[in-house]
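When we follow this note's numbering, the leftmost residue of the sequence shown carries the number 337, and every step to the right adds one.
C-beta atoms are modelled at their ideal positions from N, C-alpha and C, and glycine is treated no differently.
Written out below as structure tokens is the structure these notes cover.
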Amino acid sequence: MQAESVFMSENVFTGTSDEALPLAICVRGGLICAVVPKDEAGAFIGPSTRVEDFGDAFLCAGFHDAHVHAFHSALYSSPLAEMFLGESEADCVARLAPLAKRKPHGWLLAQGWREYRWNPPVLPSKASLDAAFPNRPVALYSGDAHTLWLNSCALRELGISRESVPPAGGSYDVDEEGELTGIVREAAAMALMPRIMATFSDEEILGAYQGFLARLASLGITSICDMALSAEPGLDFVRDDIYRTLEGRGQLTCRAHLFPTLTRDVSRFESMRDELRGPLVQARGFKQFFDGVSSQHTAWLAEPYTNAHFEGDCGRPTVDPALMRDYVMGAARRGFAVRIHAIGDEAITQAIDIFEEANARFGAPAIGHHCIEHLENMKEPDVARLAKAGIVASVQPPHITLDPGGPERDLGDERCKVMWPFASFLREGATLAFGTDSPVVDVNPWSGIYTAVTRQDAKTHEPKGGWLASERISAADAIRAYTAGAATSAGRENEIGKLAAGMWADIAAFDRNPLVDAEQCPELMLETHAIATFLAGRPVFDSRKAQDTPGCVIQDA
Numbered sequence: 337m338q339a340e341s342v343f344m345s346e347n348v349f350t351g352t353s354d355e356a357l358p359l360a361i362c363v364r365g366g367l368i369c370a371v372v373p374k375d376e377a378g379a380f381i382g383p384s385t386r387v388e389d390f391g392d393a394f395l396c397a398g399f400h401d402a403h404v405h406a407f408h409s410a411l412y413s414s415p416l417a418e419m420f421l422g423e424s425e426a427d428c429v430a431r432l433a434p435l436a437k438r439k440p441h442g443w444l445l446a447q448g449w450r451e452y453r454w455n456p457p458v459l460p461s462k463a464s465l466d467a468a469f470p471n472r473p474v475a476l477y478s479g480d481a482h483t484l485w486l487n488s489c490a491l492r493e494l495g496i497s498r499e500s501v502p503p504a505g506g507s508y509d510v511d512e513e514g515e516l517t518g519i520v521r522e523a524a525a526m527a528l529m530p531r532i533m534a535t536f537s538d539e540e541i542l543g544a545y546q547g548f549l550a551r552l553a554s555l556g557i558t559s560i561c562d563m564a565l566s567a568e569p570g571l572d573f574v575r576d577d578i579y580r581t582l583e584g585r586g587q588l589t590c591r592a593h594l595f596p597t598l599t600r601d602v603s604r605f606e607s608m609r610d611e612l613r614g615p616l617v618q619a620r621g622f623k624q625f626f627d628g629v630s631s632q633h634t635a636w637l638a639e640p641y642t643n644a645h646f647e648g649d650c651g652r653p654t655v656d657p658a659l660m661r662d663y664v665m666g667a668a669r670r671g672f673a674v675r676i677h678a679i680g681d682e683a684i685t686q687a688i689d690i691f692e693e694a695n696a697r698f699g700a701p702a703i704g705h706h707c708i709e710h711l712e713n714m715k716e717p718d719v720a721r722l723a724k725a726g727i728v729a730s731v732q733p734p735h736i737t738l739d740p741g742g743p744e745r746d747l748g749d750e751r752c753k754v755m756w757p758f759a760s761f762l763r764e765g766a767t768l769a770f771g772t773d774s775p776v777v778d779v780n781p782w783s784g785i786y787t788a789v790t791r792q793d794a795k796t797h798e799p800k801g802g803w804l805a806s807e808r809i810s811a812a813d814a815i816r817a818y819t820a821g822a823a824t825s826a827g828r829e830n831e832i833g834k835l836a837a838g839m840w841a842d843i844a845a846f847d848r849n850p851l852v853d854a855e856q857c858p859e860l861m862l863e864t865h866a867i868a869t870f871l872a873g874r875p876v877f878d879s880r881k882a883q884d885t886p887g888c889v890i891q892d893a
């Protein structure tokens with residue numbers, strides 16, 4: 337069989353073993369028709385075959401980020417907004433100046449602040465924003481995307497006063513005098529974001545998505561799972577209309593798997609599923625939220641936080657457990673997969689309970705797989721329970737080091753023994769799917785791979801020896817989690833995620849071999865750059881257009 341394209345290298349990682357081998361990937365009609373030793377590639381090469389020999393570059397299946405919030409990732413990486421952690425409240429306010437200059441009118445929007453990383457680690461208030469921007473609405477979303485920091489002008493624009501009642505599962509913080517502080521949490525923050533985002537035009541948003549897609553391609557990412565950002569119906573920011581427009585224009589350069597918010601009414605999802613049947617955009621299941629985050633004491637625990645803010649401070653469920661069960665059973669009855677955000681140990685336990693019941697009553701989903709997202713603080717028996725139930729562990733390695741010392745501060749040493757247990761998941765036979773939760777952390781997969789391999793922060797390389805080093809995994813397993821595992825989380829494990837005959841030819845070529853680097857000097861993995869990225873055999877990124885890449889030869893046979 338003559339192939340249309342043949343991609344070859346001395347280091348091809350198919351995902352079916354732990355090695356990178358000298359292989360040739362033969363492509364026809366956008367699909368891989370064969371993967372053979374390099375010296376056997378001639379049988380697939382004809383007069384019109386395009387042959388690319390990448391020398392000793394590392395080739396693998398295109399990366400698949402299993403947990404992205406595409407709308408916000410696109411927006412905050414565009415000129416329309418800013419993204420920063422900041423060193424303090426005052427520093428964050430100062431960092432808004434470039435945005436105010438670029439956008440002299442309307443809302444100022446930024447994301448990324450984390451008060452527990454500041455010195456001093458105290459919550460900000462509207463006062464500092466009011467002093468700098470008394471007449472412009474300002475909204476700063478926290479780095480974990482669970483808290484809004486607003487100024488007085490923004491509160492007025494949004495109609496929030498001392499008498500306003502927040503939606504269930506959210507809050508408007510007030511001071512000792514009952515005055516609004518400008519801090520809005522959880523469901524209340526999520527409910528406000530669509531009203532703020534509505535100030536951007538569709539063309540502005542389309543441009544932001546195009547920029548984000550270009551970044552994905554430049555990182556070797558060929559697929560994403562676009563996850564609902566809110567537990568509230570209609571506020572999930574899964575913009576199927578944007579994907580339709582980009583696909584219609586021929587500008588969609590990655591596969592997008594959509595997971596809108598799960599409610600009792602599944603008609604929107606059913607319409608999306610029926611209409612989005614192409615290979616690039618598909619509705620693959622639902623997302624719901626069971627709790628918040630540990631750093632804000634909104635993750636749901638079985639026992640109170642070690643540094644409890646009040647008696648019985650165990651966090652809380654974002655959705656009543658009985659309602660969550662009804663939601664999941666309704667979806668499972670129709671054969672649909674559900675992904676539940678669960679960070680605290682009690683949220684995880686009850687999510688597993690619900691999925692076990694759904695499997696017992698209705699069997700595994702007809703499309704996709706049930707997943708639990710984040711899985712940070714677990715009870716030890718739940719690791720095996722999750723694996724036995726066939727629930728995908730969808731986790732984000734960079735989250736491990738976002739808050740140095742935070743788990744010990746909030747949960748205590750004993751509960752910290754079972755946190756982000758990657759190696760334990762694999763030993764129990766669970767499917768591990770990696771992602772970033774972008775824009776919570778940057779979408780670059782190499783930071784996550786480095787952290788999974790070392791249990792250290794990609795920037796500081798701390799802590800020495802790794803945090804819970806017994807849960808380190810190999811580079812091969814980490815790459816599989818970012819490819820085959822993530823494909824499984826989207827229910828497309830038979831189409832993407834490996835380099836094998838019959839799979840889509842989604843291929844990434846990199847300038848370093850991470851399998852070698854992980855053994856010799858893991859920090860070198862962070863210097864890995866994509867040479868080229870192919871979607872169904874079609875180039876969507878090629879660094880060689882800008883500069884010559886040693887060791888890469890392109891020829892038409």
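- Its chain contains 398, 399, 844, 846, 866, 869 as the residues whose beta carbon lies nearer than 7 Å to that of residue 556, once the 5 sequence neighbours on both sides are disregarded; these appear in chain order.
- Cβ neighbours of residue 873 within its own chain (closer than 6 Å, five residues either side excluded): 341, 363, 366, 841.
- Looking at the backbone, the Cα of residue 387 and that of residue 344 are separated by about 8 Å.
- In the DSSP secondary-structure assignment, residue 623 is bridged to 597, 675.
- Taken atom to atom, the span from the alpha-carbon of residue 575 to that of residue 378 is near 45 Å.
- Using a 10 angstroms sphere on the CB of residue 618, the tally of other CB atoms reaches 16 or more, which defines it as buried.
- Here residue 645 is exposed, its C-beta having fewer than 16 other C-beta atoms within 10 Å.
- In terms of Cα proximity to residue 455, the closest of 422, 483, 465 is 422.
- At a Cβ-Cβ threshold of 8 Å, residue 519 and residue 444 do not count as neighbours.
- Burial state of residue 425 is buried, judged by a 10 Å Cβ sphere holding 16 or more other Cβ atoms.
- Taking a cut-off of 8 Å for Cβ pairs, the region 542-549 and the region 403-414 touch, as three or more such pairs fall below it.
- The C-alpha of residue 361 lies about 28 Å from the C-alpha of residue 403.
- 686 is the residue among 801, 686, 707, 733 whose C-alpha sits nearest the C-alpha of residue 655.
- Under DSSP, residue 368 forms a beta bridge with 363.
- Between the C-alpha atoms of residue 729 and residue 472 there is a straight-line separation of about 43 Å.
- Counting only runs of at least 4 residues, the region 389-473 fully encloses the following alpha helix (DSSP H) elements, listed from N- to C-terminal order: 406-412, 425-430, 433-438, 462-468.
- In this structure residue 607 does not touch residue 679 by the C-beta definition: roughly 31 Å separates them, more than the 8 Å allowed.
- The three-state secondary structure of residue 727, taken from DSSP, is coil.
- In the structure shown, the three-state DSSP call for residue 505 is coil.
- One alpha carbon belongs to residue 716, the other to residue 754, and they sit about 6 Å apart.
- Sequence-distant Cβ neighbours of residue 812 in its own chain, meaning closer than 7 Å and more than five residues away, are 354, 851.
- Around the beta carbon of residue 796, fewer than 16 other beta carbons lie within 10 angstroms, which makes this residue exposed.
- If you check the CB distance, residue 526 and residue 571 come in under 8 Å.
- Sixteen is the threshold: when 16 or more other Cβ atoms of the shown chains lie within 10 Å of the Cβ of residue 787, as they do, the residue is buried.
- Between the region 580-592 and the region 649-664, the count of C-beta pairs closer than 8 Å stays below three; the two stretches do not touch.
- According to the DSSP assignment, residue 533 belongs to the alpha helix (DSSP H) that extends over 522-533.
- Within the DSSP secondary-structure output, residue 618 pairs in a beta bridge with 593.
- Between residue 524 and residue 502, the CB-CB gap stays under 8 Å.
- Residue 442 and residue 484 have their C-alpha atoms spaced approximately 18 Å apart.
- Per the coordinates, the alpha-carbon of residue 356 lies some 47 Å from the alpha-carbon of residue 600.
- Counting the other CB atoms within 10 Å of its CB gives residue 801 a total below 16, which places it among the exposed residues.
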